[in-house]
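Sequences listed follow chains R and W, in order. Here the first sequence stands for residues 0 to 446, where the numbers follow numbering that gives the first Met the number 0. Here the second sequence stands for residues 0 to 469, where the numbers follow numbering that gives the first Met the number 0. Heads up, the beta-carbon is just placed ideally off N, CA and C, and yes, glycines get one too.
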Amino acid sequence: MNNTNTQYETVVGMEIHVELSTTTKMFCRCPVPTLTDKPNTRTCPVCLGLPGALPFPNTKAIDSCIQIGLALNCTVNKDSFFERKNYFYPDLAKGFQTSQFLHPFGEKGYLDIKLNGATKRIGITRVHMEEDTGKLSHATVDGKEVSLIDFNRSGVPLVEIVTEPDIRSGEEAKIFLTELQKIIRYLGVSDAAMEKGHMRLEPNISLRPVGQKTLAKYKVEVKNINSFVYVDKAIQFEEKRHKELLDKGKVPVQETRGWNEFKSKTVSQRSKEEAHDYRYFPEPDIPPISVTSEQLSVIRKSIPELPEAKAKRFVTEFGLSEYNAEILTREANLAKYFEEAVAVAKEHNIDGKTVANWIINKKPNIEELLPASLVKIIVEQSTVERFDETKLEETIKQILEKNPTQVADYKAGKIQLLGFFIGQTKQALPNAKDTEQIRNLISKMLE
Amino acid sequence: MSDIQNLTIVDIIEGYKKKTFSVSEIVDSYLERIEKLNPKLNAFITVDSENAKRKALEFDNREITNPLHGVPFGIKDMFLTKGVRTTAASNVLRDYIPAYNATVIDRLETAGAISLGKLNHDAWAHGSSGENSDFGNTLNPWNTEFVPGGSSSGSSASVAASLIPFATGTDTGGSIRLPASFTNTVGLKPTYGLVSRYGVISMASSLDSIGHFSKTVVDSARILNITAGADGYDATLRQAQGEQEDYTVKIGNDIKGLKIGVPKEYVDKGLSSDVKAVFESSLKSLQKLGAEIVDISLPHTDEGIAVYYIVQPSEVSSNLARYDGIRFGNDRSFFGKEAKRRIMLGTFTLSSGYYDAYYKKAMQVRTLIKQDFDEAYKKVDVIVSPVSPTPPWKFGEKMNDPLAMYLSDALTVTINLAGVPGLAVPAGFSPNKLPIGIQFVGPHFSESLLFQVGHAFEQETKFYKDLPKI
Numbered sequence: 000m001n002n003t004n005t006q007y008e009t010v011v012g013m014e015i016h017v018e019l020s021t022t023t024k025m026f027c028r029c030p031v032p033t034l035t036d037k038p039n040t041r042t043c044p045v046c047l048g049l050p051g052a053l054p055f056p057n058t059k060a061i062d063s064c065i066q067i068g069l070a071l072n073c074t075v076n077k078d079s080f081f082e083r084k085n086y087f088y089p090d091l092a093k094g095f096q097t098s099q100f101l102h103p104f105g106e107k108g109y110l111d112i113k114l115n116g117a118t119k120r121i122g123i124t125r126v127h128m129e130e131d132t133g134k135l136s137h138a139t140v141d142g143k144e145v146s147l148i149d150f151n152r153s154g155v156p157l158v159e160i161v162t163e164p165d166i167r168s169g170e171e172a173k174i175f176l177t178e179l180q181k182i183i184r185y186l187g188v189s190d191a192a193m194e195k196g197h198m199r200l201e202p203n204i205s206l207r208p209v210g211q212k213t214l215a216k217y218k219v220e221v222k223n224i225n226s227f228v229y230v231d232k233a234i235q236f237e238e239k240r241h242k243e244l245l246d247k248g249k250v251p252v253q254e255t256r257g258w259n260e261f262k263s264k265t266v267s268q269r270s271k272e273e274a275h276d277y278r279y280f281p282e283p284d285i286p287p288i289s290v291t292s293e294q295l296s297v298i299r300k301s302i303p304e305l306p307e308a309k310a311k312r313f314v315t316e317f318g319l320s321e322y323n324a325e326i327l328t329r330e331a332n333l334a335k336y337f338e339e340a341v342a343v344a345k346e347h348n349i350d351g352k353t354v355a356n357w358i359i360n361k362k363p364n365i366e367e368l369l370p371a372s373l374v375k376i377i378v379e380q381s382t383v384e385r386f387d388e389t390k391l392e393e394t395i396k397q398i399l400e401k402n403p404t405q406v407a408d409y410k411a412g413k414i415q416l417l418g419f420f421i422g423q424t425k426q427a428l429p430n431a432k433d434t435e436q437i438r439n440l441i442s443k444m445l446e
Numbered sequence: 000m001s002d003i004q005n006l007t008i009v010d011i012i013e014g015y016k017k018k019t020f021s022v023s024e025i026v027d028s029y030l031e032r033i034e035k036l037n038p039k040l041n042a043f044i045t046v047d048s049e050n051a052k053r054k055a056l057e058f059d060n061r062e063i064t065n066p067l068h069g070v071p072f073g074i075k076d077m078f079l080t081k082g083v084r085t086t087a088a089s090n091v092l093r094d095y096i097p098a099y100n101a102t103v104i105d106r107l108e109t110a111g112a113i114s115l116g117k118l119n120h121d122a123w124a125h126g127s128s129g130e131n132s133d134f135g136n137t138l139n140p141w142n143t144e145f146v147p148g149g150s151s152s153g154s155s156a157s158v159a160a161s162l163i164p165f166a167t168g169t170d171t172g173g174s175i176r177l178p179a180s181f182t183n184t185v186g187l188k189p190t191y192g193l194v195s196r197y198g199v200i201s202m203a204s205s206l207d208s209i210g211h212f213s214k215t216v217v218d219s220a221r222i223l224n225i226t227a228g229a230d231g232y233d234a235t236l237r238q239a240q241g242e243q244e245d246y247t248v249k250i251g252n253d254i255k256g257l258k259i260g261v262p263k264e265y266v267d268k269g270l271s272s273d274v275k276a277v278f279e280s281s282l283k284s285l286q287k288l289g290a291e292i293v294d295i296s297l298p299h300t301d302e303g304i305a306v307y308y309i310v311q312p313s314e315v316s317s318n319l320a321r322y323d324g325i326r327f328g329n330d331r332s333f334f335g336k337e338a339k340r341r342i343m344l345g346t347f348t349l350s351s352g353y354y355d356a357y358y359k360k361a362m363q364v365r366t367l368i369k370q371d372f373d374e375a376y377k378k379v380d381v382i383v384s385p386v387s388p389t390p391p392w393k394f395g396e397k398m399n400d401p402l403a404m405y406l407s408d409a410l411t412v413t414i415n416l417a418g419v420p421g422l423a424v425p426a427g428f429s430p431n432k433l434p435i436g437i438q439f440v441g442p443h444f445s446e447s448l449l450f451q452v453g454h455a456f457e458q459e460t461k462f463y464k465d466l467p468k469i
């Protein structure tokens, strides 16, 4: 059955792993390692899975996981517990991963994203707490091919976020992930630095005929992508690949694929025809965790204003354009800088809009320049301009009088002569630096 | 040097204070006895005489301030000991040298106790007779043709034969109480959540209780004073509330008017005539002491073994996954028959499609078993029962019938499933002089009460004074 005319719809659900930036690991007191730590130096009996070692949960990490759940509008399970996910892999010290299955800390949430000017809701299936594994590398040592295991990463707190299959394109996935990353950084629970592997991304992709409501009978998972751009590209690559197969009447194989960034394509890793049996059961070494209403309200209060709400407020409170408000809320510290500057600027009768324009156009180094210092500069510059206004008009008047030919040409339509007048003015008044102001004034006087 | 056979911890500390003997003399005497008798009993896997002698010398010149100053002891080989081989009595860990100490070992040594070595047991604590050890059988000092009980076979045999005055043990389904009852020793299985499991090789995490063997109830309480309490490593421990309890405080109080329950499900059927006779005379002793014997029911007792043999192998199958031979120990082909059996059972009961019918159902029945105990303690203060339906059996009798072996735990496993404490004390002998014990079982965290009752019974009956002729 070949039918190249069928129109398909892309269906994507994302699995995102976020490494938390806690001081210590999930179930032991080892410091969370940095990338420069020598292999196997940030380990102890617990994260090495030695005989007799037991997990002792990091409550800070659990709070962070619940924060993420709340920020993604999830219902928080007040009675939750850890479970063991049993499988064998050399980087898995205990032979099981301590994770959550039946009752994740957060579930049934959503995240609204902006898509072509409209709002689209992406469902969040679950947000659960687990631990990272060690890292395998393959090397040649003394002429022998060997596999090496570094357990520094073993036991680092990991939050897994799973979305509903609500994403319809690579571009959409990218927008969703950017928004999610912003939220995680706002919460301060992870640096979410892609290059450091703090966020690992796995799209599950399938295609179905437009109009079909049910999910396709297959899905392809692309594992461990570490950039939003590659997620976009991988989805686009899979879309094309699936369409070609479907057009030939074939069904793409349900499998796990990897993203090869050098070849810009996905490659088959293992087929998943038979589902893994992880033999989940409640982790007997950790008592069930109940989140009381009091705890929950403390965690809720600890969540800062999130980027979307902040941008909306910037529009209504300071009259910013949506575009500028979005730019200023991309990073929590920039938004904070802006608001601090606005507070100071208010005393000098300078409005939020002016401050926003300054920050966006002049891009001051917010690490070095204090908000108050920035306002001081704005005030000075503004004062200079106001002071010069009369003098400027006088000077321009003289220049226009001196150059009647050019004035006539300009009025005849040779508007590029405006540049000439600006140049003349600046020459006459080296202190007049605001080109915009000069340009406006000349245009007005030439009307 | 006087005869050390009768010495208790209390006697040893007393002797040090009176300078009757020195720590070195005591340690040497026990080491000599081990040298003489261990070849016959096979209670030790590793004897650590060098370390012990060195420590004894240090203690000789030290003021007696620690509660277990210079008291020798033995360690079940499930407990990790830094720098000293720890085998789990399995070929998988035949040459494994741990990098850290179990919490309990740290605490006992900080309190002054001196380890004389590591004790034999069923490999991975799987068994009721000691016969599953990859290091050979431990023999019962009362009659070497009979099993000393398991899994803590080396612990029970060595305390009974006075190779050491006390030993550590683990009790997942009866592994302390059963061997204690087979060797005329005192065995404590504390409340789940009272003593840290950190550094003890896990068998079944939700059932494992860390306890000990001693000659008397007072000694048992003294040891618990050292081992009990949160350590920041075992998340299932009860968090400390105020001062650490002194478990000896009620010892010496009479038990007049105390209500002691006898569950009909434990005694109405299945008991051998020898056990029945001993138990009935035990009840008479308790009545003589002024206790009131009350008939009670624990209706879900019959389901105990079934629930236990689903929950326990499930957890075992997962806990043994780390022994893959990649980083330490030998590979999985070194597991013995019983471990393989439990790994397969547990893997099956946790599999998708079977989980609901087995593991989930078992956990639901486990809740009912717990409720049985809660209900019972509304009527009585303590429960008493035999520990084993039979006296010790002969080697080989049950080795080809795993189910018969499993059923020997019928009177102990429900206590682990409920998480309550149990204290096994000597209660008499069969006509052919094989030890028979009884157990006192109390509500959660009622160890002080158990010691009170156990001590009263012990002082009334004085079976602990009987020593095996070996």
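Around the Cβ of residue i, are there at least 16 other Cβ atoms within 10 angstroms (buried) or fewer (exposed)?
i	result
Y322 of chain R	exposed
I123 of chain R	buried
K378 of chain W	exposed
H241 of chain R	buried
I160 of chain R	buried
F386 of chain R	At F386 of chain R the pLDDT is 49, less than 50, meaning the model places this residue with poor confidence; the figure from the coordinates comes in the next sentence. Looking at its Cβ environment, which holds fewer than 16 other Cβ atoms inside 10 Å, F386 of chain R is exposed.
P56 of chain R	buried
M0 of chain R	With a pLDDT of only 49 at M0 of chain R, under 50, the local geometry of the prediction cannot be trusted, and the value read off the model is given with reservation. Exposed, because fewer than 16 other Cβ atoms sit within 10 Å of the Cβ of M0 of chain R.
I328 of chain R	It is worth fixing the name first, because residue 328 of chain R is Thr in this sequence and not Ile. By the neighbour-count rule (16 or more Cβ atoms within 10 Å), T328 of chain R is buried.
For a contact meaning CB atoms closer than 7 Å, what does residue i contact in chain R?
i	result
L79 of chain W	P50 and G51
Does DSSP classify residue i as helix, strand or coil?
i	result
S272 of chain W	helix
I441 of chain R	helix
M128 of chain R	strand
T215 of chain W	coil
F386 of chain R	Confidence at F386 of chain R is low in this model, with a pLDDT of 49, below 50, so its placement is unreliable and the value that follows should be read with caution. Correct three-state label for F386 of chain R: helix.
D355 of chain W	helix
Determine the contact status of residue i and residue j, defining contact as a CB-CB distance below 8 Å.
i	j	result
R106 of chain W	I225 of chain W	yes
K393 of chain W	E144 of chain W	yes
F78 of chain W	S155 of chain W	no
L104 of chain W	G198 of chain W	The question names Leu, but residue 104 of chain W is Ile in the sequence shown. Yes.
P425 of chain W	F181 of chain W	no
R237 of chain W	A229 of chain W	yes
G421 of chain W	K188 of chain W	yes
If I measure Cβ to Cβ from residue i and keep anything under 7 Å in the same chain, skipping five residues before and after, which residues do I get?
i	result
K54 of chain W	I113
G303 of chain W	I368, A409, V412, T413 and L416
L517 of chain W	Shown here, chain W extends from 0 to 469; a query on residue 517 of chain W therefore has no answer.
E178 of chain R	L110 and I112
Could you work out which residues of chain W lie near residue i, taking near to mean beta carbons separated by less than 9 Å?
i	result
N85 of chain R	S316, S317, A320, T346 and L349
For residue i, which residues in the same chain have their Cβ closer than 6 Å to its Cβ, ignoring the five residues on either side in sequence?
i	result
Q423 of chain R	I398
P363 of chain R	L373
S219 of chain W	V185, L187 and S213
S20 of chain R	S189 and D190
Y265 of chain W	S384 and L410
G418 of chain W	Y191
E238 of chain R	T9
H443 of chain W	T190 and V419
Which residues in the same chain as residue i place their Cβ atom closer than 8 Å to its Cβ, once the five residues preceding and following it in sequence are excluded?
i	result
I224 of chain R	R199, L200, E201, P202, V230, A233 and W258
P263 of chain W	With the sequence shown as reference, residue 263 of chain W is identified as Lys, and Pro is not the correct amino acid for it. Hits under 8 Å: D294, I295 and S296.
Give me the chain W residues within the contact set of residue i, using Cβ-Cβ distance strictly less than 8 Å, ordered along the chain.
i	result
K93 of chain R	A320 and R321
Run through chain W and tell me which residues come within less than 7 Å of residue i, C-beta to C-beta.
i	result
P56 of chain R	A234
Does the ligand HEM have a heavy atom nearer than 7 Å to the CB of residue i?
i	result
D267 of chain W	As for the ligand HEM, it is missing from this structure, which has no ligand bound.
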